[in-house]
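Colleague:
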Amino acid sequence: MTKLDKKQLQDWVDATQDVEKIEKKNSHIEKSEFFYTEEMHFAKIKQESEVAYNATMLSKDKAFESDFKTKHAINSQDDIKSARKSVDKRLQLKLKNGDIRYQDRIDLHGMLLEQARENLIYFLQTRNQMGLKCVLVIHGKGTNQDSNMGQIKQRIPFWLENLDCVLSFTSALPKHGGTGAMYVLLRTKNKQR
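Position one of the sequence shown corresponds to residue -3 (the working numbering), numbered consecutively onward.
(1) Using the Cβ count rule (16 or more neighbours within 10 Å means buried), how would you classify V9?
(2) Could you check which residue in V162, I148 and S82 has the C-alpha nearest to that of A112?
(3) Return the bridge partner residues of R101 from the DSSP annotation.
(4) Could you pull the start and end residues of the alpha helix (DSSP H) that T122 belongs to?
(5) Given this structure, state the Cα-to-Cα distance separating I152 from H172, to the nearest angstrom.
(6) K137 by DSSP, collapsed to three states: which one?
(7) Given V131, which residues of its chain have a CB within under 8 Å of its CB, disregarding the five upstream and five downstream residues?
(8) Taking buried to mean at least 16 other C-beta atoms within 10 Å of its own C-beta, is H135 buried or exposed?
In structure tokens form, the structure reads like this:
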């Protein structure tokens, strides 16, 4: 091993530090450019997927509004009801009169539309799989004073009509929420399509 004098040792330390600084600087630039590019790539993908999702939801909402609102303009105080053709009228009347006890309930108050839709679909499908016959869906009457219509209440009939597990639905009795809630009659397992 060679002995270095103080000057040589200091020169070696300085050179090593200079090399480390240069490597660190270059390494930082390369990583920074890589991460910037990767970050931009993922941001672009996220933005494109959000645009596509929003366009899909907008087209669904436009289809909903043009189709459903013209057929069923719903006021916050309106009763809502619908049933598949196969549902017996006496069964529909029992549901409307609250003669069929609900076995579970979900409250959609305060949820965003998409969150309410996803929660409702999950709730109904799982309760149907559990073999429940009737559930209560609390959607509220809405707070929009100008249009006098609740956003969830407006869309809920459309969502329910498009679920195979739903046979019938009607506004609830006042003691269960009245026009701010509805009874939903579920298909029994052996009657699934």
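Ideal Cβ placement from N, Cα and C applies to all residues, glycine included.
Modeller: Let's see:
(1) Burial call: exposed.
(2) Considering only alpha carbons, the answer is I148.
(3) In the DSSP output, where bridge partners are listed per residue, R101 has L132.
(4) In the DSSP annotation of this structure, the continuous segment of the alpha helix (DSSP H) that includes T122 starts and ends at L109 to Q125.
(5) The alpha-carbon atoms of I152 and H172 are separated by roughly 17 Å.
(6) Three-state result, K137: coil.
(7) A distance below 8 Å between beta-carbons, with the five flanking residues on each side excluded, links V131 to the following residues of its chain, in chain order: Y98, Q99, D100, R101, I102, F119, L120, R123, Y179, V180 and L182.
(8) With 16 or more other Cβ atoms inside 10 Å of its own Cβ, H135 counts as buried.
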